[in-house]
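A.B. asks:
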Amino acid sequence: MRKPFFPALFHWLYEVVFGPLEPGMDREHKRWLDFFILESSAGTVGYTMTTGVFMTGYALYLGASDYLAGLIASVPMLMNGFQLLGAALCEKSKHKKGLLQGLLLAYRVPLGCTIFIPLLFPRSWWVPVFVGMYLLGFLCSALFQPGYNAWIVALTSPRTRGTFYAHREAAYQAVGMIFGMVVGVVVDALGQGYGAFFVPYCLCLVFCLVNYLFIRPIRYPEPTAPAAEPGEAEKRREKIGTLQRVKRNPRVLQFAAIWILWNGGYWMAFAYFSVFMVSTLGLSYSFMNIINVVQMGSLVVAVRYWGRFGDHQGWVKSLTFTCMIIIVGFAVRGVVAPSMTWLLIPISIVAGAGMGGINVGTLNMIAYLAHPEDQSFCYALHTGVAGLAGFLGSVAGGSLTDLFANVYIGPFSGIHLMFFVSGLVMLSALIVFRVWSRRVPKPA
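Under numbering that gives the first Met the number 0, the very last position in the sequence shown is 443; numbers go up by exactly one each time.
1) Name the one or two DSSP bridge partners that F411 has.
2) Measuring alpha carbon to alpha carbon, tell me which residue in F411, V44, E372 is nearest V205.
3) Hey, Y444 and M323 are a contact pair by Cβ (cut 8 angstroms); roughly how many whole angstroms apart?
4) For the alpha helix (DSSP H) containing L118, list its first residue and its last residue.
5) Going by DSSP in three states, V478 sits in which element: helix, strand or coil?
6) Taking 8 angstroms as the threshold, find out whether the stretch 116–124 comes into contact with the stretch 150–168 through three or more Cβ pairs.
7) Could you tell me the distance, in whole angstroms, from the CA atom of V431 to the CA atom of R303?
8) Going by DSSP in three states, I217 sits in which element: helix, strand or coil?
9) Kindly list the residues whose CB is nearer than 7 angstroms to the CB of V447, restricted to its own chain and excluding five residues on each side of it in sequence; keep chain order.
10) Classify V126 as helix, strand or coil using the three-state DSSP reduction.
11) Compute the distance between the beta-carbons of S73 and S393, then report whether it is under 7 angstroms.
12) DSSP state of R307, grouped into three classes?
13) Should E27 be labelled buried (16 or more other beta-carbon atoms within 10 Å of its own) or exposed?
14) Along the chain, where does the alpha helix (DSSP H) containing H166 start, and where does it finish?
15) By DSSP, does S64 sit in helix, in strand, or in coil?
16) If you drop the 5 nearest sequence neighbours on each side, which residues of the same chain put their C-beta closer than 6 angstroms to that of M267?
17) What whole-angstrom Cβ distance do Y171 and L104 have, given they're in contact under 8 angstroms?
18) Any chance the stretch 396–405 sits against the stretch 241–256, with 3 or more Cβ pairs inside 8 angstroms?
19) Ends of the alpha helix (DSSP H) at E27?
20) So what's L12 in DSSP terms, helix, strand or just coil?
21) Would you kindly report the start and end of the unbroken alpha helix (DSSP H) that includes T400?
22) Which same chain residues, not among the five before or five after N148, have their C-beta less than 6 angstroms away from its C-beta?
23) Are three or more beta carbon pairs between the stretch 300–314 and the stretch 182–200 nearer than 8 angstroms?
24) Going by Cα to Cα distance, which pick from A58, P216, G97, G131 is closest to D33?
25) Spatial neighbours of M295 within its chain, please: C-beta separation below 8 angstroms, excluding the five flanking residues on both sides.
26) Going by Cα to Cα distance, which pick from Y46, G389, G69, S436 is closest to Y271?
27) Going by other Cβ atoms of all chains shown within 10 Å of its Cβ, with 16 needed for buried, is K93 buried or exposed?
28) Quick one: Cα of S285 to Cα of S347, how far?
29) Could you pull out every residue in the same chain whose Cβ sits closer than 7 angstroms to the Cβ of S317, ignoring the five residues on either side in sequence?
30) With three or more C-beta pairs closer than 8 angstroms as the rule, is the stretch 320–335 touching the stretch 367–374?
31) Between which residues of its own chain and L387 is the CB-CB distance below 6 angstroms, once the five residues before and five after are set aside?
32) Here's a check: name, in chain order, each residue in its chain whose Cβ is nearer than 7 angstroms to the Cβ of L83, leaving out the five neighbours to either side.
33) Go ahead and label N405 buried or exposed: buried means 16 or more other beta carbons lie within 10 angstroms of its beta carbon, across all protein chains shown.
34) Could you give the first and the last residue of the continuous alpha helix (DSSP H) run that contains V108?
35) Quick check: what's the CA-CA separation for W311 versus P145?
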């Protein structure tokens, strides 16, 4: 007997967004994973409203230079160096869920509250206070991420983890894309002044509360170890230090070393994309958000395929293909002049397809390479190292742009040359990754 139309449609939409109930998974467990998708979607709205083109435009309004705006864009990467501290805090805490909820609020609220800076401080303080609040917010984000990633890993199985990450990323990127496009039109309509930026930053505060309400119902898994008096083996394991953890995860360390080169090249260009569109190309916020919508739409479509591809073909192969696509997208951006801005649309399609697999791929590579007891530590180690490399890459990108400031080849300027250099650096990282991956044993 056929189901009524509307219940059948609702069921289909639910499975498209959240995925089906996997064999052997109870409905309560599935509900927790659904809440992870909802809370990350709400969080992405807040993130979108306070980063990217909105952050760049607001920072320039407050008086920041183009170079400083690019460096501020890479603050999240710099703060990721504190993820090792976050992993240690989470491991030692007796109230892990409460700690993570507090860090979530401490991350989101300062970013949204930067909109009140012109109302509370004299003009000479605007940029320093903005930078300080940005540093505080992303410091708390760095402390939050290791425990959050370990929380998700603990509630997902290796067999279905890639598919879940793909559904989660597709959902939150789609939501961020929609809000970014709509708010971009609003900012343009309001004249790109203080009142215009008030809209995205207040939305950040609203969705901070929504994010918190969605994460509250999710159960934090209890430790599987017995509560009895530990034996000698358990006592030795409790005393293991950072150096010993690094030594027993050599492949994670090798992968992180390769990602230093990749992230340095990536952020060399990525930190200046918004500055490039605002200052060099002079694009409107509406058009910039159309570009973001196209890129995120491509990402949302592609991420599901990357998840399934990685689950079936392996994450080494998945990362190889996604990196190749990103390199092409970044390098071609180096030929976009003010008279050729239409090229940003096909470039965004290509770049989005590649970016759809990079987060899913790296998280699953760490999950595969890490010792089971050290996954939270290894996420933090990898992200911290990659984050520092990303910040240094953004500094290098700004320095190269200044170095090439007086270089003009037809309609192309120094920033175009810097984009091309970033593509070469990422290509070098991909070659090293392919050589190294031949020595990584395939999963059973």
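Ideal placement from N, C-alpha and C gives every residue a C-beta, glycine not left out.
C.D. replies: In this structure, then:
1) Residue 411 sits at position 412 when you count from the first residue of the sequence shown. Note: F411 sits in a beta bridge opposite I408.
2) Taking the first residue of the sequence shown as position 1, residue 205 is located at position 206. The candidate whose alpha carbon is nearest that of V205 is V44.
3) An answer regarding residue 444 cannot be provided, because it is not within the stretch 0 to 443 covered by the chain.
4) Stepping through the sequence shown from its first residue, residue 118 is reached at position 119. Here the alpha helix (DSSP H) through L118 covers 116–119.
5) The shown model of the chain, from 0 to 443, leaves out residue 478, and the question about it has no answer.
6) no
7) Here the question's residue 431 lines up with position 432 in the sequence shown. Here the question's residue 303 lines up with position 304 in the sequence shown. Whole-angstrom Cα-Cα distance: 27 angstroms.
8) Numbered from its first residue, the sequence shown carries residue 217 at position 218. Reduced to three states, the DSSP call for I217 is coil.
9) The chain is shown only over 0 to 443; residue 447 falls outside these bounds and no answer can be derived.
10) Position 127 of the sequence shown, counting from 1, holds the residue named residue 126. Residue state, collapsed to three classes: helix.
11) For the purposes of this step, residue 73 is identified with residue 74 of the sequence shown, where counting begins at 1. For the purposes of this step, residue 393 is identified with residue 394 of the sequence shown, where counting begins at 1. Against a cut-off of 7 angstroms, the Cβ pair of S393 and S73 comes out as a contact.
12) Locating residue 307 in the sequence shown gives position 308, where the first residue counts as 1. Here R307 sits in helix by DSSP.
13) Your numbering for residue 27 matches position 28 in the sequence shown. Flag for E27 reads exposed.
14) For the purposes of this step, residue 166 is identified with residue 167 of the sequence shown, where counting begins at 1. Its alpha helix (DSSP H) spans residues 157–188.
15) Here the question's residue 64 lines up with position 65 in the sequence shown. S64 falls in the coil class under three-state DSSP.
16) Mapped onto the sequence shown, residue 267 falls at position 268. Contacts found: G392, A395, G396, S421.
17) As a working mapping, residue 171 is identified with position 172 in the sequence shown. As a working mapping, residue 104 is identified with position 105 in the sequence shown. About 19 angstroms; that fails the 8 angstroms criterion.
18) Touching, no, given that fewer than three Cβ pairs across the two stretches are closer than 8 angstroms.
19) Taking the sequence shown and counting its residues from 1, one reaches residue 27 at position 28. Element bounds for E27: 26–48.
20) Taking the sequence shown and counting its residues from 1, one reaches residue 12 at position 13. In the structure shown, L12 sits in a helix (DSSP, three-state: H, G or I).
21) The sequence position of residue 400 within the sequence shown is 401, counting from 1. Note, T400: alpha helix (DSSP H), 374–402.
22) Locating residue 148 in the sequence shown gives position 149, where the first residue counts as 1. Y378, listed in sequence order.
23) no
24) Mapped onto the sequence shown, residue 33 falls at position 34. For D33, the nearest C-alpha among the options comes from P216.
25) On the sequence shown, residue 295 is found 296 positions in, with the first residue counted as 1. Once the five neighbours on either side are set aside, the close Cβ partners of M295 are Q172, A173, G175, M176, G179, G351.
26) Working through the sequence shown from its first residue, we reach residue 271 at position 272. Checked all of Y46, G389, G69, S436; the closest Cα to Y271 is G69.
27) As a position in the sequence shown, residue 93 is number 94, starting the count at 1. Exposed: under 16 other Cβ atoms inside 10 Å.
28) On the sequence shown, residue 285 is found 286 positions in, with the first residue counted as 1. On the sequence shown, residue 347 is found 348 positions in, with the first residue counted as 1. Taking the straight line joining both Cα atoms gives about 15 angstroms.
29) On the sequence shown, residue 317 is found 318 positions in, with the first residue counted as 1. Excluding sequence neighbours, S317 sits near W305, F308, G309, G356, G360.
30) Verdict: no, contact absent.
31) What you label residue 387 is simply residue 388 of the sequence shown in a count that begins at 1. Cβ within range, chain order: G80.
32) In the sequence shown, counting from the first residue as 1, residue 83 sits at position 84. Cβ within range, chain order: A379, L380, G383.
33) In the sequence shown, the residue the question calls residue 405 occupies position 406. So N405 ends up on the exposed side.
34) The sequence position of residue 108 within the sequence shown is 109, counting from 1. Per DSSP, V108 belongs to the alpha helix (DSSP H) from 95–112.
35) Here residue 311 is taken as the residue at index 312 of the sequence shown, counted from 1. Here residue 145 is taken as the residue at index 146 of the sequence shown, counted from 1. The sequence given here places His at residue 311; Trp does not occur at that position. Taking the straight line joining both Cα atoms gives about 26 angstroms.
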